[in-house]
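Our numbering puts the first residue of the sequence shown at 5, with every later residue one more than the last.
So the structure is just underneath, and the comments pick up after that.
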Amino acid sequence: MLTTTPSRLRRPRALLLGAAALACAAVAFGAWHAPPSGKGGDAGLMARLMDICTSRDPAQAGFAAENDAAMARMMAGMDIKPSGDVDRDFAEMMIAHHQGAIDMALAELRHGSNEQLRRIAQEIIVEQQQEIAAMRLALDQPLPPSMPAPTQPARP
Numbered sequence: 005m006l007t008t009t010p011s012r013l014r015r016p017r018a019l020l021l022g023a024a025a026l027a028c029a030a031v032a033f034g035a036w037h038a039p040p041s042g043k044g045g046d047a048g049l050m051a052r053l054m055d056i057c058t059s060r061d062p063a064q065a066g067f068a069a070e071n072d073a074a075m076a077r078m079m080a081g082m083d084i085k086p087s088g089d090v091d092r093d094f095a096e097m098m099i100a101h102h103q104g105a106i107d108m109a110l111a112e113l114r115h116g117s118n119e120q121l122r123r124i125a126q127e128i129i130v131e132q133q134q135e136i137a138a139m140r141l142a143l144d145q146p147l148p149p150s151m152p153a154p155t156q157p158a159r160p
């Protein structure tokens, strides 16, 4: 497993990325409105995340568009009809969820410039691909084709 970040730090960062994903999903589905900008603490963080998700800034437009598309695909993939098999339903929803994380991490690699976040995005891709493979094997499904290593440089 690729480990460039101590494990005690990965969880909070993963939670922050998850919060960003949920915030963007909420914007996409019109379920939540950001608190006024200028607030501190968690409210300020969520306001900044919402600003990114709804930005009309051309520098963020590519990231926002890719993230919105990833969120829409993930939400659609998680919206399954129960099969009566709890294990299968769980795995199918988690596979869609993990693929959403991979797609969002790829958007960070294409558009982000913070080297620490880019390393985290690379770790997310590797770890989520491994978990998708494990779930597919548990369901006796074929494995998806391999993806190239997540090393694409940031755009200027």
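Idealized CB from N, CA, C, for every residue including glycine.
Because the structure is a prediction, the values reported are computed rather than measured.
Coarse secondary structure for residue i, derived from DSSP in three states
i: W36; result: With a pLDDT of only 37 at W36, under 50, the local geometry of the prediction cannot be trusted, and no value is derived from it.
i: L147; result: coil
i: D107; result: helix
i: P62; result: helix
i: I84; result: coil
i: S41; result: Residue confidence is low: S41 scores 47 on pLDDT, short of 50, so the model does not pin down where it sits. Its coordinate-derived value is still stated next. S41 falls in the coil class under three-state DSSP.
i: D91; result: helix
i: T7; result: Confidence in T7 is poor, its pLDDT being 45 and thus under 50, which makes the residue's placement unreliable; the coordinate value appears in the next sentence. Coil.
Range covered by the alpha helix (DSSP H) that runs through residue i
i: I124; result: E119 to A142
Cβ-Cβ distance between residue i and residue j below 8 angstroms
i: M139; j: G104; result: no
i: E112; j: A100; result: no
i: N71; j: M97; result: no
i: I129; j: L110; result: yes
Assumed close pair residue i, residue j - CB separation to whole angstroms, cut-off 8 angstroms
i: L143; j: A95; result: 5 angstroms
May I ask you to verify whether the region 68-84 touches the region 92-110, counting CB pairs closer than 8 angstroms and requiring at least 3?
The region 68-84 vs the region 92-110: in contact.
Give a yes or no on contact between the region 109-117 and the region 142-149, applying the rule of three or more CB pairs nearer than 8 angstroms.
No contact exists between the region 109-117 and the region 142-149.
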